[in-house]
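> Below is one structure. I have some questions about it.
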Amino acid sequence: MKVVLVLAMVLLVSGCALRPDERTRVTPRREFAAERLDRRREPIILIPGTLGSRLHNAKTGEIAWGSFAASLSELEDDLDLPISGPRLSDNKDQLEAYRVLDLAEVLQGEGKGEIRFYAEIIDTLTSTLGYRAAYGKRFYKGQDLFVFFYDWRRSNVEAAAQLCEFIAAIRRDLAEPAMKFTLLGVSNGGLIARYYLRHGGADVVSGRDLGAPLSPTRQGQADVRRLITLCTPHAGTLDAFKLIHEGYSPAPLARRHPPLTIFSMPAAFELLPDPGQRVFVDALGQPRTFDLWDADNWEKLGISVFSPGEREKLRYRILSQFNDDRDRDALFNAEMARRRRHLELCLRHAARFKRAIAGAPEVPTSAVCGATTPTLQRVALIEDGTEWDFVFEPRYTWRAGDPVVQAMLGMGDGVVTRRSALGQFLPGTAPEAAAAGEALRGAMTSVHLTSCRHREMFDDELLQLALIEELTR
Numbered sequence: 024m025k026v027v028l029v030l031a032m033v034l035l036v037s038g039c040a041l042r043p044d045e046r047t048r049v050t051p052r053r054e055f056a057a058e059r060l061d062r063r064r065e066p067i068i069l070i071p072g073t074l075g076s077r078l079h080n081a082k083t084g085e086i087a088w089g090s091f092a093a094s095l096s097e098l099e100d101d102l103d104l105p106i107s108g109p110r111l112s113d114n115k116d117q118l119e120a121y122r123v124l125d126l127a128e129v130l131q132g133e134g135k136g137e138i139r140f141y142a143e144i145i146d147t148l149t150s151t152l153g154y155r156a157a158y159g160k161r162f163y164k165g166q167d168l169f170v171f172f173y174d175w176r177r178s179n180v181e182a183a184a185q186l187c188e189f190i191a192a193i194r195r196d197l198a199e200p201a202m203k204f205t206l207l208g209v210s211n212g213g214l215i216a217r218y219y220l221r222h223g224g225a226d227v228v229s230g231r232d233l234g235a236p237l238s239p240t241r242q243g244q245a246d247v248r249r250l251i252t253l254c255t256p257h258a259g260t261l262d263a264f265k266l267i268h269e270g271y272s273p274a275p276l277a278r279r280h281p282p283l284t285i286f287s288m289p290a291a292f293e294l295l296p297d298p299g300q301r302v303f304v305d306a307l308g309q310p311r312t313f314d315l316w317d318a319d320n321w322e323k324l325g326i327s328v329f330s331p332g333e334r335e336k337l338r339y340r341i342l343s344q345f346n347d348d349r350d351r352d353a354l355f356n357a358e359m360a361r362r363r364r365h366l367e368l369c370l371r372h373a374a375r376f377k378r379a380i381a382g383a384p385e386v387p388t389s390a391v392c393g394a395t396t397p398t399l400q401r402v403a404l405i406e407d408g409t410e411w412d413f414v415f416e417p418r419y420t421w422r423a424g425d426p427v428v429q430a431m432l433g434m435g436d437g438v439v440t441r442r443s444a445l446g447q448f449l450p451g452t453a454p455e456a457a458a459a460g461e462a463l464r465g466a467m468t469s470v471h472l473t474s475c476r477h478r479e480m481f482d483d484e485l486l487q488l489a490l491i492e493e494l495t496r
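Heads up, the working numbering is the position in the sequence shown plus 23, with the first residue counted as 1.
Structure follows, in structure tokens:
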């Protein structure tokens, strides 16, 4: 009799349970209606990540990044930066950032289609919590979501200086000199935010030895109440190394930017896995001792513009451009020397940048990241005669116990590992670097793990809800 009674109760409860459909779906806008009416919203500065700002030639108006034509055509102003300057800041071209990449037209199948990038997260904040977005360089009363943009090819140090000017402009236009902000750093934007917190707009990196004193001003502490990072590679990402080595194409049918293009960008090096981490393994998944931060290893291993294929392209380009009696070998050697100097500058600059932001931030910090997608954390380095092959994708991922798979892949969002998004370094990392990572992880006041994928993070409902929860705390 008791069994029958219990079964009846179970059936009654299950029969009363809601079966949600589109008519009963509770949307974030409805769920957070009370919070939306709250006028005490903390002003936000949204700092986009790599590729997240449109670039154009300010004189001609030609768009080099962020339009349908730019993804297909050869442009007068391509994305390559010069690499000949004595300082990285000297390597300038005609391009500049002018707006966040909110929407973009890209090739999809047989035609073109529109993809929402930062528009998705901006709309979430405006429709759910009532924020009013500001996109330009002038600001008005009532606006409280300020969308930053910057040239993501250049060093994050330069972006931090621009962020300093951006904050000063907001305070000036709104006549609120003491206004404090929540910094919302998306991917690389989180690294810019951390630099700004410690050094403001000062350049403590360029032209200095790696071990020279840093003397942080901590200017950002006076401007910022807290920091929220979305899928930020606090300990670096091997996706940056892969792009420097192989080049990049924004879509399957779009034109490909060769390794030299990515190699020319100082910011790409600032995204590499932090010094001290052992990121190379052999065919058995055992660590290799090659140091990614040793410039000599780039030539020895044939990385990026030093690979046999890229060297051959350079020789062919010289041969096709110079049909006279010029010493083609001399031209080749001069270009390779320029590449070596640029590499050494970028590695030293990036290593010092990472040292400049190491450790715990000075304000309450929260992290939202992906944790369900296999993500590259080490690269297999296979010797092939006199050359080396880089394996970025395990060949036998279906073998759960394969030591190479276990060594190469970790939890993450497909670009940034869970460890890196939380500031933690790989096991076996040099103690000093590992301690700095643990200090960052220990200082985080909250962590949200989601199922988002990096390049589609704004489509992930759990990430959106985690962000809303953070902003309403």
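Cβ atoms here follow ideal geometry from the backbone N, Cα and C, with glycine treated the same way.
#1: Going along the chain, which residues of its own chain have a beta-carbon closer than 8 Å to the beta-carbon of M467, five neighbours each way excluded?
#2: In or out: R476 buried (at least 16 other Cβ within 10 Å) or exposed?
#3: On the premise that L220 lies in contact with Q244, defined as a C-beta separation below 8 Å, what is that separation, rounded to the nearest angstrom?
#4: Looking only at its chain, what residues have a beta carbon closer than 6 Å to the beta carbon of L237, apart from the 5 residues adjacent to it on each side?
#5: Quick one: using the 10 Å Cβ neighbour count with 16 as the cut-off for buried, is F303 buried or exposed?
#6: Starting from R249, follow its DSSP beta bridges and name the residues at the other end.
#7: Let's see if you can read the secondary structure: which residues bound the alpha helix (DSSP H) around D146?
#8: Hey, would you say L472 sits closer than 8 Å to R496, going by beta carbons?
#9: For the putative contact between L368 and L111, defined by C-beta atoms under 8 Å, what is the C-beta separation to the nearest angstrom?
#10: Since T398 is in the alpha helix (DSSP H), which residue starts that stretch and which ends it?
#11: I believe E252 touches G213 by the beta-carbon criterion, under 8 Å. Please report the beta-carbon distance rounded to the nearest angstrom.
#12: Could you spell out where the beta strand (DSSP E) holding A87 opens and where it closes?
#13: Ordered along the chain, which non-local residues of its own chain (more than five positions away) have a Cβ less than 8 Å from that of D483?
#14: Does E293 pass the burial test, meaning 16 or more other C-beta atoms within 10 Å, or should it be called exposed?
#15: Within a Cβ cutoff of 6 Å, which residues of the same chain sit near L28, ignoring the five residues on either side of it in sequence?
#16: Report the rounded CA-to-CA distance for R363 versus T284, giving the unit in angstroms.
#17: Please return the same chain residues whose Cβ sits closer than 7 Å to the Cβ of I341, not counting the five positions on each side in sequence.
#18: Once DSSP output is grouped into helix, strand and coil, what is the label at F55?
#19: Measuring straight from C-alpha to C-alpha, what distance separates L130 and R279?
So, from the listed chains and residues:
#1: Stepping through the sequence shown from its first residue, residue 467 is reached at position 444. Contacts found: T388, S389, A390, L445, G446.
#2: The residue labelled residue 476 in the question sits at position 453 within the sequence shown. The residue is buried, with at least 16 neighbouring Cβ atoms inside 10 Å.
#3: Taking the sequence shown and counting its residues from 1, one reaches residue 244 at position 221. Taking the sequence shown and counting its residues from 1, one reaches residue 220 at position 197. About 6 Å separates the CB atoms of Q244 and L220; that is less than 8 Å, so the two are in contact.
#4: Locating residue 237 in the sequence shown gives position 214, counting from the first residue. Once the five neighbours on either side are set aside, the close Cβ partners of L237 are V227, A379.
#5: Start at 1 with the first residue of the sequence shown, and residue 303 comes out as number 280. F303 should be labelled buried.
#6: As a working note, residue 249 is residue 226 in the sequence shown. Under the DSSP definition of a beta bridge, R249 partners with T205.
#7: Along the sequence shown, one-based indexing puts residue 146 at 123. According to the DSSP assignment, D146 belongs to the alpha helix (DSSP H) that extends over 141-152.
#8: Translated into positions along the sequence shown, residue 472 becomes position 449. Translated into positions along the sequence shown, residue 496 becomes position 473. No.
#9: In the sequence shown, the residue the question calls residue 368 occupies position 345. In the sequence shown, the residue the question calls residue 111 occupies position 88. The pair is a contact, with the Cβ atoms about 6 Å apart (cut-off 8 Å).
#10: Counting from one through the sequence shown, the residue named residue 398 turns up at place 375. DSSP places T398 outside any alpha helix (DSSP H); the residue lies instead in the beta strand (DSSP E), whose first and last residues are 396-399.
#11: Here residue 252 refers to the residue found at position 229 when the sequence shown is read from its first residue. Here residue 213 refers to the residue found at position 190 when the sequence shown is read from its first residue. Looking at the sequence provided, one finds Thr at residue 252 rather than Glu. The C-beta distance from T252 to G213 rounds to 4 Å, short enough to fall under 8 Å.
#12: As a working mapping, residue 87 is identified with position 64 in the sequence shown. Where A87 is concerned, the enclosing beta strand (DSSP E) stretches over 86-88.
#13: The sequence position of residue 483 within the sequence shown is 460, counting from 1. So the list reads G393, T473, S474, C475, R476, once near-sequence residues are dropped.
#14: Within the sequence shown, the letter at position 270 stands for residue 293. Per the 10 Å Cβ criterion, buried.
#15: Translated into positions along the sequence shown, residue 28 becomes position 5. Because L28 carries a pLDDT of 48, less than 50, the predicted location of this residue cannot be relied on, and the following value inherits that uncertainty. Within the same chain, no Cβ atom closer than 6 Å to the Cβ of L28 is found once the five residues on either side in sequence are excluded.
#16: As a working note, residue 363 is residue 340 in the sequence shown. As a working note, residue 284 is residue 261 in the sequence shown. Spanning the two alpha carbons is a distance of roughly 15 Å.
#17: Position 318 of the sequence shown, counted from the start, is the residue given in the question as residue 341. Result list for I341: R351, L354, F355, in chain order.
#18: As a working mapping, residue 55 is identified with position 32 in the sequence shown. Coil at F55, not helix or strand.
#19: Taking the first residue of the sequence shown as 1, we reach residue 130 at position 107. Taking the first residue of the sequence shown as 1, we reach residue 279 at position 256. Residue confidence is low: L130 scores 49 on pLDDT, short of 50, so the model does not pin down where it sits. Its coordinate-derived value is still stated next. Straight-line Cα distance between these residues: approximately 13 Å.
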